[in-house]
Structure formats: C-alpha cells, structure tokens
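Notes follow once the structure below has been shown.
Residue numbers (our numbering): 3 to 234.
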C-alpha cells in the first residue's frame with residue numbers, strides 16, 4: 003500500500019493498493035488520519051467488494067434427540083469408533099453392543115463375558131475392540147462381524163477399571179493396549195499375540211484409570227490420590 007499526504011490541506015491520507023510488483027490495483031482513496039481499525043476494515047472491505055459476514059446464533063443442546071434401548075442392565079461404558087459412525091456400549095447384562103449412529107439402530111449383540119462388563123475401547127485404526135469385565139477377563143472383538151476374536155484374555159485378579167490403546171502414530175498397525183485393574187497393576191497386551199507383554203507395578207491400591215499418551219508415556223491413577231508415569 004502506498005500513501006501520500008499534503009500538510010495543511012486536509013486531514014486525510016491518500017492510499018493506493020498495489021501488488022507485490024508495485025502495480026496499482028484500482029484507483030486511490032482518501033482515508034481520514036483518525037480512522038481506527040474498525041473504520042479501516044470497513045473501508046477496505048468496501049474497496050474490495052467484500053460481503054459483510056453473517057451472524058449466526060447457535061442454540062445450546064438442551065434436549066435428548068433419541069433414546070436407544072437394548073441393554074437389560076445399566077450401561078457402564080461407551081466408546082465411539084474412530085470414524086464416528088458406530089458406538090460400542092457395555093453393560094451389567096454381560097453383553098457388548100454395537101450401534102449404527104446414522105440409523106440409531108443396533109448392529110450386533112456380542113456375548114462372551116460372564117460378569118458385568120465395565121470398560122471398552124476401540125483401537126485407533128478401528129479394526130479391534132477390547133472390553134474388560136468385573137471378573138478380570140478381557141475380550142477382543144471383530145467389530146465388522148460382532149464376533150469374538152480368539153479366547154478371552156486372563157491374568158487379572160480383580161476387575162478391569164480402564165483400557166487405553168497405544169496411539170496410532172507411535173505404532174501402526176495398532177496391536178498394543180494397556181489396562182488398569184483393581185488389583186493394583188497396569189498391563190500391556192498384544193491383541194495379535196493374545197497375551198500380556200509387561201506388568202507395570204508401583205501402586206499399592208487399586209489403579210482406577212489409565213491413559214497411553216501421545217508421547218509414548220503411560221499414565222495411571224490410583225486410589226492413593228497419586229499418578230504414576232511409565233516411560234516406554
């Protein structure tokens with residue numbers, strides 16, 4: 003933008019818009035020297051024939067859009083598929099259910115647990131689904147078929163409190179996940195080998211939650227009001 007002014011003649015500044023090579027882009031215009039940011043924006047928009055921005059009012063969601071029935075007992079945990087098209091839910095009725103979110107209808111009722119199902123997590127690539135129960139069992143599911151993928155994984159003494167997958171940018175394809183349990187440990191599992199790889203100890207009471215961070219660090223929280231960080 004080139005500017006020019008003549009002292010003593012006016013309180014305006016003559017402005018000309020130019021491209022990087024210095025070519026004038028249209029005629030000049032006079033801008034008051036006292037113009038603030040709002041006035042300058044209005045003048046430039048008018049000069050460039052820009053349309054005024056529309057103002058939209060966003061209404062808060064204050065009502066339930068749909069109630070989907072199916073479970074016979076309390077729903078204890080849910081997990082969205084990575085593409086956002088499906089929802090997995092677990093319940094005290096010992097089942098895992100998959101739902102189509104577009105049609106809001108059930109896809110599969112997955113049976114394999116013998117006790118309350120407390121937690122569930124979808125792998126980041128959407129190919130695996132793992133659920134954990136009150137008896138300490140883990141079930142691996144094929145979400146495309148709604149079927150068990152191998153036998154249940156055992157090794158926990160008490161119920162599963164959380165499941166978290168290794169982030170896909172750290173390892174692809176997705177194979178490893180970590181679980182927390184009331185027995186005071188966290189364990190890393192391999193969904194392909196169907197076995198426990200590492201036991202992460204250090205807590206003296208129940209581990210209530212677990213998260214595999216994007217930097218590769220595994221974080222666990224326990225009933226002792228503390229967190230542990232495990233570096234992989």
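Note that the Cβ used here is the ideal one computed from N, Cα and C, for glycine as well.
Asked	Found
Reduced DSSP category for residue 159 - H, G, I as helix; E, B as strand; rest coil	coil
Same chain, Cβ closer than 6 Å to residue 199, neighbours up to 5 away in sequence not counted	190, 192
Under 9 Å between C-beta atoms of residue 154 and residue 140	yes
Residue 203 versus residue 225: straight-line alpha-carbon distance, rounded	14 Å
For residue 163 and residue 184, believed in contact at Cβ under 8 Å, the rounded distance	6 Å
Beta strand (DSSP E) segments (min. 3 residues) lying fully within the stretch 100-141	107-113, 119-124, 131-135
Sequence-distant residues of its chain with Cβ nearer than 6 Å to residue 172 (five each side left out)	218
Residue 200, enclosing beta strand (DSSP E) - first and last residue	197-202
Between the CA atoms of residue 144 and residue 60 - distance to the nearest angstrom	39 Å
Residue range of the unbroken beta strand (DSSP E) whose run includes residue 170	That residue, residue 170, is in no beta strand (DSSP E); it is neither H nor E in DSSP.
Rounded distance between the beta-carbons of residue 93 and residue 78, thought under 8 Å	6 Å
Which listed residue (128, 88, 149) has its alpha carbon closest to that of residue 113	149
Beta strand (DSSP E) segment containing residue 34, residue limits	31-34
With 16 other Cβ atoms within 10 Å as the buried cut-off, status of residue 106	exposed
Proximal residues to residue 125 (C-beta, below 6 Å), its chain only, five neighbours per side dropped	167, 176
Beta-carbon gap between residue 133 and residue 90 smaller than 9 Å	yes
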